[in-house]
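Presented below is the structure to which this report refers.
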C-alpha cells in the first residue's frame, strides 16, 4: 500500500511536469526571439512586399515586431493590433546592445543571442542610476543611439568614435518634471524628440551627453562622468555591429535585473497598466506631450 502511494505521487508529479513543460522551459530561459525593430521613425508598412503596394500604417522606431516570414528584401511582421504587413528590411534590425553595470560588460545581441561581449568602464559613481547633472552615475533604462560622431575631440578622451545615447528618456523627463528639475516646455521637447528618434534636450538639470566611447584610459577604472568607455580596439569591433541609422541600447543595474525585466514580459505588462491608469486618471505633465 505504501509503495503504491509512492508510485502514485511520483506519477502525479511527472504528469504535472509534462503538462506544464513549456512553463518549466520558460522559467529557466529568457532568450525567446524578439523579431525585428524599426531603425527609423514612421516606417511604412505595406500590404504586400512591394514599394508600389498600399500603405497599411506607419510604425515608430525601436519597437519590436514578430517576424512571420521573409521574401527577398522584405519581412512580414505582426503589428500590435494583430494585422500583418510588409516592411523593407533596410528599415529593420535585430542587433541591439545590453549594458550590465555590475558585471562591467556591454553585450552585442542578435535578438536574444549574445554575439560579442566587451569589458567597460562607467561613471565615477557607478552604482546609482543617473538622476541629475554632475552626479557621475551611468543611467539605467531603455535608450537608442541617436548620434554617431566619427571624429570626437579630444581623441585621448573619446577615442575614434563616440555613440550618443538618448538620455534623458521619457521616464527621466517625467521624473524631472515631477521633481521640478525641468520645465513643462523642456519636458515636451524631450518627449517629442524621443518620439521622433532624435537627440533629446541635453542642457537641463537632468544632465546629458551620455555616450559610448573609447579613450586612452579604456576600461581600466570607472573614470567617466557617466559615459560607457571601452578600449579603442573593442570600440572598433563594437561599432562594426551597430546599424548606421539607430541601435537600441538597454542599460541594467546587473544581469539579475535584466532577467527580471525581460523574462515573460512581466515588467512590460506592469508598465503598460500603469500608463493606462495615468491616461485614465489624467496627469498635468503629460498633456500636449506628443504634439
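In the numbering used here, the protein residues as written are 397 to 687.
Where a beta carbon is used, it is the ideal one built from N, C-alpha and C, also for glycine.
Computed from a predicted structure; not experimentally measured.
Contact between the segment 634 to 652 and the segment 482 to 494 is present: 3 or more CB-CB pairs across the two stretches fall below 8 Å. The way I'd put it, the segment 619 to 628 doesn't touch the segment 459 to 476; fewer than three beta-carbon pairs between them come closer than 8 Å. Contact between residue 558 and residue 607 holds: CB atoms are separated by about 5 Å, below the 8 Å threshold.
Residue 636 and residue 564 have their C-alpha atoms spaced approximately 25 Å apart.
Of the candidates 455, 613, 530 and 609, 530 places its Cα closest to the Cα of residue 599. As summarised for the segment 551 to 594, the continuous alpha helix (DSSP H) elements at least 4 residues long and confined to that stretch are 551 to 554, 566 to 574 and 580 to 591, given in chain order.
Between the segment 591 to 605 and the segment 490 to 509 there are fewer than three C-beta pairs closer than 8 Å, too few to call the two in contact. The shortest C-alpha to C-alpha distance from residue 561 to any of 550, 492 and 444 is the one to 492. By the Cβ neighbour-count rule, residue 551 is exposed, with fewer than 16 other Cβ atoms within 10 Å of its own. Residue 516 counts as buried, since no fewer than 16 other beta carbons sit within 10 angstroms of its beta carbon.
As DSSP reads the structure, residue 538 sits in a beta bridge with 646.
Annotation for residue 604: 598 place their beta carbon closer than 6 Å to its own, counting only its chain and skipping 5 residues before and after.
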